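Participant:
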Amino acid sequence: QMTLNTFHFAGVSAKNVTLGVPRLTEIINISKNIRTPSLTVHLLGAAARDKEAAKAVQCALEFTTLRRVTAATEIHYDPDPRSTVIPGDAEWVEAYFELNEGDVDVSRMSPWLLRIELARDMMVDKRLLLSEVAEKINAGFEDELHCLFNDDNAETLVLRVRVLSEDASGAKADGAQAAPAAEEDDVFLKKIESSMLAQVRLQGVPGIRKVFLREAKRTVLGAGGWTPETEWVLDTEGVNLLQVLCHPEVDASRTASNDVVEVLQVLGIEAARAALLKELRGVIEFDGSYVNYRHLAALVDCMTRRGHFMAITRHGINRDETGPLHQASFEETVDVLLRASQHAEVDLMAGVSENVMLGQLCPVGTGAFQLLVDSDRLRDAIELDYAWAEDAALGATPGRLSLMSPGATPLHMSPSALASPLSPFTGEGGLLFSPMADALASPGYAPTSPG
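What follows is the structure in structure tokens.
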């Protein structure tokens, strides 16, 4: 049924989540590489109430590379750095070199040009400027590249990248070496292009591939009592809990990860236990099923009691210090029994499974203890005599009002004088019962006899 409900509820949320049996298997097996790792990020201050402030945090967390905002790349042979063979770039390139004539060493620039067009919608969505992109490129490649860019309000956002040679004078002095270097610049530029697009990090946290913004409801305690309010919450694809918690506008006390292994590494075993319980309840109760908290708490306590995770598999449970019968009741029954017989292992019968197998009382509840007789106190014991009950009226037999056997067995359901059917009577006298004969009661009474 859980599998059917999983496919029925597919796509119910904006983010991609694993539900049902596959997710339950991941939790029970303590998978280190889960299918849909995700963070639920709660915000502080204005970011929790204002959508634009929350959007800024969203952009700061979502990992963005140069490839993400690039629309197209081209490699041109453009030998004169002060001008260009590309008509659309000529005006602003010439204007740049007129304003920065002495600041740029043109002789070190390669005649090969890497021209990158950026997607305006992505730049606006990520709140990036061309100057910031150029700064990231220069920081990543230090003095190996020269990056030139146009205005952010231009029709097309363009970056012009050239490779800088190490020694311009040496290249001029030796013409034989300069020619092969010029021929290899285009090959080197192609390698630079692929490396630049993949490795230049513009902003965001590594591992956070995508961030979704949603509005959530919560109840807070104020001066007037509990009041409902809405807040902006971020959901992520990918996890990097430690760096996300370091963001100043992230509420570290409420931000949670669905990767319990990462929670263990960052926050410790108690937080990992709470995350494990939360994920288990989320999977089981997603389709409306109810499982008492104590069952799940016992499971997660068992999985975390050693200070690290123990998977509910033969690699986890059967590596515990339990008897061979207990291990055989889980998985690998034949292998466990063969190994136990070969090594003469002893089972102390301390668990439930092995005692059930042998029909013994399990060491739980009333079976968890034994009664011991204090032999020293037996010398001072007083023997009780119950012979007085035989002489009492309560034990009289065959007295009909006896509250003891055989007149009243069992006590509350046996036939007695109080439970016998009434017989009709007339005349004076008390309430009498059959079969106790009397002048006013049957069998001493007949309907036709005079009163």
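First residue of the sequence shown? That's -12 in this note's numbering, and the numbers climb one at a time after it.
For glycine and all other residues, C-beta sits at the position ideal for the given N, C-alpha and C.
Please read these numbers as outputs of a predicted model, since none were measured by experiment.
On a Cα-Cα basis, can you pick out the residue from T206, P9, D246, R205 that is closest to T223?
Facilitator: Minimum Cα distance to T223 is reached at D246.
Participant: For L116, which residues of its own chain have a beta-carbon under 7 Å away from its beta-carbon, when the five flanking residues on both sides are left out?
Facilitator: D139
Participant: In the DSSP assignment, the alpha helix (DSSP H) including E78 goes from what residue to what residue?
Facilitator: 77 to 86
Participant: At which residue ranges does the segment 206 to 289 contain complete beta strand (DSSP E) runs of 3 or more residues, listed in the order of the chain?
Facilitator: 212 to 224
Participant: Under a Cβ-count criterion, where at least 16 other Cβ atoms within 10 Å of its own Cβ denotes burial, should C233 be classed as buried or exposed?
Facilitator: exposed
Participant: Since I62 sits in a beta bridge, which residues does DSSP pair it with?
Facilitator: Looking at the DSSP output, I62 shares a beta bridge with L101.
Participant: Apart from the five residues on each side of it in sequence, which residues of its chain come closer than 8 Å, Cβ to Cβ, to V83?
Facilitator: Here the sequence assigns Tyr to residue 83, which means Val is not the residue at that position. Once the five neighbours on either side are set aside, the close Cβ partners of Y83 are L135.
Participant: Taking 8 Å as the limit between beta carbons, can you name the residues of its chain near L335, skipping five residues before and five after?
Facilitator: G310
Participant: So what does DSSP say about K38, is it helix, strand or coil?
Facilitator: helix
Participant: Helix or strand or just coil, what does DSSP make of M297?
Facilitator: coil
Participant: What are the partner residues of T51, as DSSP defines its beta bridges?
Facilitator: Q190
Participant: In three-state DSSP terms, what is G416?
Facilitator: Low per-residue confidence applies at G416: pLDDT is 46, beneath 50, and the placement is therefore not dependable enough to give any value.
Participant: Kindly indicate which three-state DSSP category K19 falls into: helix, strand or coil?
Facilitator: coil
Participant: Are three or more beta carbon pairs between the segment 201 to 218 and the segment 47 to 61 nearer than 8 Å?
Facilitator: no
Participant: Is the beta carbon of D65 closer than 8 Å to that of L100?
Facilitator: yes
Participant: Report all residues from its chain with a CB closer than 8 Å to the CB of L229; omit the five preceding and five following residues, and keep chain order.
Facilitator: The beta carbon of L229 sits closer than 8 Å to those of V253, all from its chain and outside the five residues before and after it, given in chain order.
Participant: When burial is assigned at 16 or more other CB atoms within 10 Å of the CB, is Q186 buried or exposed?
Facilitator: By the 10 Å Cβ count, Q186 comes out exposed.
Participant: Are V28 and L221 touching if we call contact CB-CB under 8 Å?
Facilitator: yes
Participant: Quick check on H133: buried or exposed, where buried means 16 or more other Cβ atoms within 10 Å of its Cβ?
Facilitator: Sixteen is the threshold: when 16 or more other Cβ atoms of the shown chains lie within 10 Å of the Cβ of H133, as they do, the residue is buried.
Participant: Say yes only if the C-beta of A355 is nearer than 7 Å to one or more non-hydrogen atoms of the ligand ZN, and no if none qualify.
Facilitator: Judged by which ligands are present, the structure shown has none, so any question about the ligand ZN falls away.
Participant: From the DSSP output, which residues share a beta bridge with R306?
Facilitator: Secondary-structure assignment with DSSP links R306 through no beta bridge to anything.
Participant: Within the continuous beta strand (DSSP E) that includes T27, where are the two ends?
Facilitator: DSSP places T27 in the uninterrupted beta strand (DSSP E) bounded by 26 to 29.
Participant: Given this structure, state the Cα-to-Cα distance separating L(-9) from R22, to the nearest angstrom.
Facilitator: Residue confidence for L(-9) is low, a pLDDT of 49 falling below 50, so the modelled location carries little weight and cannot support an answer.
Participant: Answer yes or no: do G75 and T143 have a C-beta to C-beta separation smaller than 8 Å?
Facilitator: It is a contact, given that the beta carbons lie within the stated cut-off.
Participant: Along the chain, where does the alpha helix (DSSP H) that runs through L312 open and close?
Facilitator: 311 to 315
Participant: Is T57 helix, strand or coil by DSSP?
Facilitator: strand
Participant: What do you get for E81, buried or exposed, if any count of 16 or more other CB atoms within 10 angstroms of its CB means buried?
Facilitator: exposed
Participant: In or out: T71 buried (at least 16 other Cβ within 10 Å) or exposed?
Facilitator: buried
Participant: From which residue to which residue does the alpha helix (DSSP H) around R326 run?
Facilitator: 320 to 329
Participant: Measuring CB to CB, does C349 end up less than 8 Å from V333?
Facilitator: no
Participant: What is the rounded straight-line gap between the Cα of K177 and the Cα of N20?
Facilitator: 34 Å
Participant: With a Cβ-Cβ cutoff of 8 Å, do A43 and E218 count as a contact?
Facilitator: no
Participant: Any idea what DSSP makes of V44, helix, strand or coil?
Facilitator: Here V44 sits in helix by DSSP.
Participant: By DSSP, does A185 sit in helix, in strand, or in coil?
Facilitator: helix
Participant: Does the separation of the CB atoms of V270 and I14 fall below 8 Å?
Facilitator: yes
Participant: So, helix, strand or coil for L6, using DSSP?
Facilitator: coil
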